[in-house]
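Here the protein sequences come in this chain order: H and F.
Going by full-length UniProt numbering, the first residue of the first sequence is number 1, and it counts up by one from there.
Going by full-length UniProt numbering, the first residue of the second sequence is number 1, and it counts up by one from there.
C-beta atoms are modelled at their ideal positions from N, C-alpha and C, and glycine is treated no differently.
Okay, structure first, notes after.
There are 2 protein chains.
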Amino acid sequence: MNSPEEVVDFIYNGHQRFLPHLSIDCVIFGYHDQQLKILLIRYHDQEHWSLPGGYVERQEGLTAAAHRILSEKTQLTNLYLQQFYTFGDSPTRLNRIEIQDNHNKVYAKANVAIDEEHWLSKRTLSVGYYALVDYHEVSVTPEFLVVDYAWVDVNAVPSLQYDHNEIIDKALLTLRSQLYQQSVGYNLLPEKFTLSEIQALYEAILGKPFDRRNFRKKMVALGVIRQLDERRKIGPHRSPYLYDFNLENASKLQEAGGVIF
Amino acid sequence: MNSPEEVVDFIYNGHQRFLPHLSIDCVIFGYHDQQLKILLIRYHDQEHWSLPGGYVERQEGLTAAAHRILSEKTQLTNLYLQQFYTFGDSPTRLNRIEIQDNHNKVYAKANVAIDEEHWLSKRTLSVGYYALVDYHEVSVTPEFLVVDYAWVDVNAVPSLQYDHNEIIDKALLTLRSQLYQQSVGYNLLPEKFTLSEIQALYEAILGKPFDRRNFRKKMVALGVIRQLDERRKIGPHRSPYLYDFNLENASKLQEAGGVIF
Numbered sequence: 001m002n003s004p005e006e007v008v009d010f011i012y013n014g015h016q017r018f019l020p021h022l023s024i025d026c027v028i029f030g031y032h033d034q035q036l037k038i039l040l041i042r043y044h045d046q047e048h049w050s051l052p053g054g055y056v057e058r059q060e061g062l063t064a065a066a067h068r069i070l071s072e073k074t075q076l077t078n079l080y081l082q083q084f085y086t087f088g089d090s091p092t093r094l095n096r097i098e099i100q101d102n103h104n105k106v107y108a109k110a111n112v113a114i115d116e117e118h119w120l121s122k123r124t125l126s127v128g129y130y131a132l133v134d135y136h137e138v139s140v141t142p143e144f145l146v147v148d149y150a151w152v153d154v155n156a157v158p159s160l161q162y163d164h165n166e167i168i169d170k171a172l173l174t175l176r177s178q179l180y181q182q183s184v185g186y187n188l189l190p191e192k193f194t195l196s197e198i199q200a201l202y203e204a205i206l207g208k209p210f211d212r213r214n215f216r217k218k219m220v221a222l223g224v225i226r227q228l229d230e231r232r233k234i235g236p237h238r239s240p241y242l243y244d245f246n247l248e249n250a251s252k253l254q255e256a257g258g259v260i261f
Numbered sequence: 001m002n003s004p005e006e007v008v009d010f011i012y013n014g015h016q017r018f019l020p021h022l023s024i025d026c027v028i029f030g031y032h033d034q035q036l037k038i039l040l041i042r043y044h045d046q047e048h049w050s051l052p053g054g055y056v057e058r059q060e061g062l063t064a065a066a067h068r069i070l071s072e073k074t075q076l077t078n079l080y081l082q083q084f085y086t087f088g089d090s091p092t093r094l095n096r097i098e099i100q101d102n103h104n105k106v107y108a109k110a111n112v113a114i115d116e117e118h119w120l121s122k123r124t125l126s127v128g129y130y131a132l133v134d135y136h137e138v139s140v141t142p143e144f145l146v147v148d149y150a151w152v153d154v155n156a157v158p159s160l161q162y163d164h165n166e167i168i169d170k171a172l173l174t175l176r177s178q179l180y181q182q183s184v185g186y187n188l189l190p191e192k193f194t195l196s197e198i199q200a201l202y203e204a205i206l207g208k209p210f211d212r213r214n215f216r217k218k219m220v221a222l223g224v225i226r227q228l229d230e231r232r233k234i235g236p237h238r239s240p241y242l243y244d245f246n247l248e249n250a251s252k253l254q255e256a257g258g259v260i261f
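Right, here's the structure in full:
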């Protein structure tokens with residue numbers, strides 16, 4: 001929605017286009033230079049920041065909806081969005097008065113309001129999707145009702161709208177638990193990378209440092225990466241070996257529970 | 001629903017009690033004696049088997065709903081149900097005439113029918129939950145509309161209702177991918193078990209045999225199990241060592257992506 005007219009149309013006719021009671025929230029992890037961040041947005045007249053989210057069209061596939069919503073809210077496209085959990089336990093999503101009040105502050109920007117019986121005031125479960133991008137490589141353009149956005153350090157996330165902190169915690173847990181089973185970082189590192197580069201990425205995601213020698217040994221033994229017969233010259237006396245992802249092994253690893261005998 | 005009267009009440013008043021457009025489906029894996037099976041049910045006058053499933057109450061937590069639904073459909077309780085994916089991409093869930101027709105064959109058992117505009121005829125996304133039980137330890141009591149149930153070998157699942165085959169495939173993939181990160185089998189094996197017992201369980205879940213020596217070495221190295229200073233006497237010349245699960249390590253493993261450096 002990029003104009004007051006579109007917001008007004010959404011408020012009056014949205015129930016025909018969208019399913020009630022179900023939304024999608026996107027946790028976009030951004031990595032650059034050893035730092036892991038999360039994309040947050042702030043809607044008009046809202047104290048708390050939020051995750052980019054939206055509603056599913058009545059005839060639209062759920063995965064397609066996730067891509068459309070992220071694109072509408074931020075102009076980010078072509079991300080590898082992965083569904084990780086559906087949130088429907090939180091009591092913060094049951095208080096209609098609070099939900100109505102939050103919506104109405106936002107929609108005030110377009111001079112329109114909803115009542116307690118409006119479909120947007122009702123209980124809404126949310127399907128979480130996450131993606132991992134290089135935040136220096138993407139540009140975010142928020143839509144009309146979004147007044148601000150920020151890439152916030154994963155260790156300094158403020159108190160967010162509804163259960164969005166819980167959604168981020170679960171996304172991070174999922175990202176970590178799948179770290180060795182998927183070629184996480186395939187889009188974040190150059191095709192051929194040094195051990196220091198991938199170690200910095202893994203340390204940022206897992207939030208702790210590793211012993212360099214152990215890290216190399218385990219990563220190669222697990223079959224996540226392969227050492228190449230090639231070096232990168234980064235100084236007169238420094239030319240570390242290059243590595244690449246063992247992509248074939250990654251899918252085998254996932255099917256086998258992360259361990260190949 | 002255990003009587004025609006309850007079904008009639010559900011058809012006429014269910015929209016007040018339940019959220020529209022959202023259901024839960026349960027994949028109950030049953031393990032016993034080296035065999036992995038799945039619990040299927042067949043509704044009245046339905047050619048295809050289904051997973052046990054149902055709808056979420058308007059004010060009910062999603063996790064609580066999963067437990068209630070499984071208990072109502074099968075009388076199974078106290079299972080460790082884990083959410084694994086929400087299904088909303090399949091076009092088989094968009095054809096209202098087909099959905100209405102299927103429902104009406106089932107509800108004919110209670111002499112009641114729905115039309116194309118009834119909330120049950122509309123598009124319904126489904127949240128998948130799975131659990132793992134010893135199928136010799138549990139007893140299933142299907143509700144009124146369910147005419148049959150079966151524990152079907154995981155390799156011989158027939159063509160099911162809607163996208164239920166896809167739901168089972170995803171559940172199995174999830175179970176496999178989490179196998180080394182969670183103490184899967186904690187409820188299936190005795191507290192102290194032999195290597196053969198846990199190897200048989202892992203082989204059944206992953207659908208392939210392992211070399212015994214490699215299996216032991218990796219399982220101990222990963223910290224999934226610990227060898228005890230204790231043996232079980234199973235014959236004059238056979239008294240294998242006993243093992244137990246390293247539960248502390250299991251949660252650490254999950255947080256660390258399955259690998260501890």
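Can the beta-carbon of residue i be found closer than 7 Å to that of residue j?
i, j, result
"Leu40/F", "Trp49/F", "yes"
"Val127/H", "Ile24/H", "yes"
"Leu145/H", "Val112/H", "no"
"Leu228/F", "Leu242/F", "yes"
"Ile69/H", "Gly54/H", "yes"
"Lys73/F", "Pro91/F", "no"
"Gln34/H", "Ala204/H", "yes"
"Thr141/H", "Thr86/F", "no"
"Ala64/H", "Leu81/H", "no"
"Ala250/F", "Gln199/F", "no"
"Ala108/H", "Pro4/H", "no"
"Asp134/F", "Leu188/F", "yes"
"Glu143/F", "Asn2/F", "yes"
Give a yes or no on whether 7 Å exceeds the smallest Cβ distance from residue i to chain H.
i, result
"Gly88/F", "yes"
"Val220/F", "no"
"Gly61/F", "yes"
"Ser177/F", "yes"
"Gln254/F", "yes"
Quick one: what does DSSP say residue i is sitting in, helix, strand or coil?
i, result
"Val7/F", "helix"
"Pro209/H", "coil"
"Ser23/F", "strand"
"Asp89/H", "coil"
"Ala204/F", "helix"
"Gln59/F", "coil"
"Val224/F", "coil"
"Val140/F", "coil"
"Ala110/F", "helix"
"Asp148/F", "strand"
"Asp66/F", "A small fix is needed here, since residue 66/F is Ala in this sequence, not Asp. Ala66/F falls in the helix class under three-state DSSP."
"Gly14/F", "helix"
"Ser126/H", "strand"
"Arg96/F", "helix"
"His44/H", "coil"
"Thr194/H", "strand"
Express the C-alpha separation of residue j and residue i in angstroms, rounding to a whole number.
i, j, result
"Leu71/H", "Val147/H", "Position check: residue 71/H holds Ser in this sequence, whereas Leu was assumed. The straight-line gap from Cα to Cα measures roughly 16 Å."
"Thr77/H", "Lys170/H", "23 Å"
"Arg238/F", "Gly14/F", "60 Å"
"Ser177/H", "Tyr130/H", "13 Å"
"Arg213/H", "Gln75/H", "41 Å"
"Pro209/H", "Lys252/H", "27 Å"
"Thr194/H", "His136/F", "52 Å"
"Asp115/H", "Gln100/H", "7 Å"
"Leu206/H", "Ile234/F", "44 Å"
"Asp45/H", "Val8/F", "47 Å"
"Lys122/H", "Leu22/H", "10 Å"
"Pro240/F", "Gly30/F", "26 Å"
"Leu132/H", "Asp211/F", "37 Å"
"Trp151/H", "Leu175/F", "34 Å"
"Ile168/F", "Glu47/H", "43 Å"
Are any of the Cβ atoms in chain F nearer than 7 Å to that of residue i?
i, result
"Gly128/H", "no"
"Gly257/H", "yes"
"Leu40/H", "no"
"Leu19/H", "yes"
"Tyr180/H", "yes"
**Prompt:** Quick one: any contact between the region 58-65 of chain H and the region 16-26 of chain H, if contact means 3 or more CB pairs under 8 Å?
**Reply:** yes
**Message:** With three or more beta-carbon pairs closer than 8 Å as the criterion, would you say the region 152-163 of chain H touches the region 221-233 of chain H?
**Reply:** no
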